[in-house]
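Start counting the sequence shown at 2; every next residue gets the next number (the working numbering).
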Amino acid sequence: MKLVQLVPSVDLGGAEAVAEMLDALASSHGHASSIDLPFARSLPPPRSLPTHRWLRWSLRPRVAELFHAHLAWPDRLGAALLAARGRPLVVTFHLLPREGASWPRDRVTGLDARTMIRLAAVRAHTVWIALSHHDAARLGELGLRARVIRNAPPPPRAATQPFEWPDGVVALASVGRLDPQKGFDRMLRALAHPSLSERPWHWVIAGEGPARADLTALRDSLGLRDRVSLPGLRPPMDVFTGARWVLAPSRSEGMPLVPLEAMEAGVPVLASDIGAHRELFSEASGSLLPEDDSRWPEALGGLFDEGAREASRAAQRAALGDDPREGYWRQTLLCYDAART
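Below is the structure:
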């Protein structure tokens, strides 16, 4: 099968990592697979593109039996539909707006993204994928029937320059875009609670993004300059190495890769109580923080309990399964076959 992974993105994040993983999996199973981005991978991501650039990319000639579009945000659906031009298509929605938040306008048509979804729901030879039952239900409200396939962690990569943790601390790690969606501000406030001020911990947040200045200012105002590091972009294993816990305080997610990568690396995760995390950790009790973040400081006291850490690590690793990438490939291949029939 000749397959193109369409990635209508302006950045390199989770959707792009999943496309790379699927490209490698398809190739390893004998398929002719390629990745198609609207910018050269050898150059820095453009962060934004004008409408004419989206159109130019969408109209580029392509030869394939099937397209798999990875939408980091639902405003790229028009670009994916135009690129496929009636040919078999699989579409994965990697992230939807938070409930109650406004939806974006499509980058190509200018229509509300929800209108685009309603219009596209009747397209033939198309399979729609949501990353969680929660997201599938939201898409269902727009008339779109989506299959649910949970992400698998990308293949692990060795640490290139492991973070040098201070001596004698419980090492806490997070990886992600510095954006309000990721909830790092909530965790900063929780860790600044007096009940944790004398406990030996250090938190590293690896990533970049528009909230860097705000997070830095908040960290410093809370008196945590020496206890919270913001080293910029780092491979996950650079901060997982030596970490005792990974913190995932997001306000919303599709199905985040960082907790999956941590689980595979054997580092237990403590995550916010949102739909995606509830599904991810449904078989690993004790992995979620309280829904009310004012109660987080009390819950964070468990970070210093070695027995609780080991129990979480074992439960989460068992929940991940023995070969998550191969299972993910089999489920995705069923979608490819369905789109082609």
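The C-beta atom is built at its ideal place from N, Cα and C for all residues, glycine as well.
Keep in mind that this is a model prediction, so the values were computed, not measured.
Specify the secondary structure class of residue i as computed by DSSP and reduced to three states.
{"i": "His30", "result": "coil"}
{"i": "His194", "result": "coil"}
{"i": "His126", "result": "coil"}
{"i": "Gly349", "result": "Because the chain here runs from 2 to 342, residue 349 falls outside it and cannot be looked at."}
{"i": "Leu60", "result": "coil"}
{"i": "Gln162", "result": "coil"}
{"i": "Asp37", "result": "strand"}
{"i": "Trp297", "result": "helix"}
{"i": "Ala174", "result": "strand"}
{"i": "Arg220", "result": "helix"}
For residue i, which residues from the same chain have a beta carbon less than 7 Å from its beta carbon, with the 5 sequence-adjacent residues on both sides left out?
{"i": "Gly184", "result": "Pro250, Ser251, Arg252, Ser273"}
{"i": "Gly276", "result": "Ser133, His135"}
{"i": "Val149", "result": "Ala131, Ser133, His134, Ala137"}
{"i": "Pro201", "result": "Gly169, Val170, Val171"}
Quick test of your reading: residue i and residue j, contact by CB under 8 Å. State the CB separation rounded to the nearest angstrom.
{"i": "Leu82", "j": "Ala20", "result": "Not a contact, Cβ separation roughly 17 Å."}
{"i": "Gly267", "j": "Arg318", "result": "6 Å"}
{"i": "Leu261", "j": "Ala153", "result": "7 Å"}
{"i": "Pro75", "j": "Trp104", "result": "7 Å"}
{"i": "Phe282", "j": "Leu289", "result": "6 Å"}
{"i": "Ala320", "j": "Ala285", "result": "5 Å"}
Alpha carbon to alpha carbon, what distance is there between residue j and residue i?
{"i": "Ala172", "j": "Ser133", "result": "30 Å"}
{"i": "Ala33", "j": "Val270", "result": "36 Å"}
{"i": "Ala340", "j": "Gly308", "result": "47 Å"}
{"i": "Phe241", "j": "Ala160", "result": "8 Å"}
{"i": "Pro47", "j": "Met22", "result": "22 Å"}
{"i": "Asp227", "j": "Ala193", "result": "12 Å"}
{"i": "Trp58", "j": "Pro39", "result": "6 Å"}
{"i": "Gly287", "j": "Glu265", "result": "18 Å"}
{"i": "Phe164", "j": "Asp323", "result": "28 Å"}
{"i": "Glu100", "j": "Leu143", "result": "14 Å"}
Tell me, which residues are paired with residue i by DSSP?
{"i": "Phe94", "result": "Leu72, Ala131"}
{"i": "Leu248", "result": "Leu271"}
Within the same chain, show all residues whose beta-carbon is closer than 6 Å to that of residue i, passing over the 5 residues directly before and after it, in chain order.
{"i": "Ala244", "result": "Ala172, Ala174, Val268"}
{"i": "Ser196", "result": "Pro298"}
{"i": "His69", "result": "Gln6, Val91"}
{"i": "Ser230", "result": "Val205"}
Output needed for residue i: all residues of its chain with C-beta closer than 8 Å, excluding positions within five of it in sequence on either side, in chain order.
{"i": "Gly14", "result": "Ala73, Arg178"}
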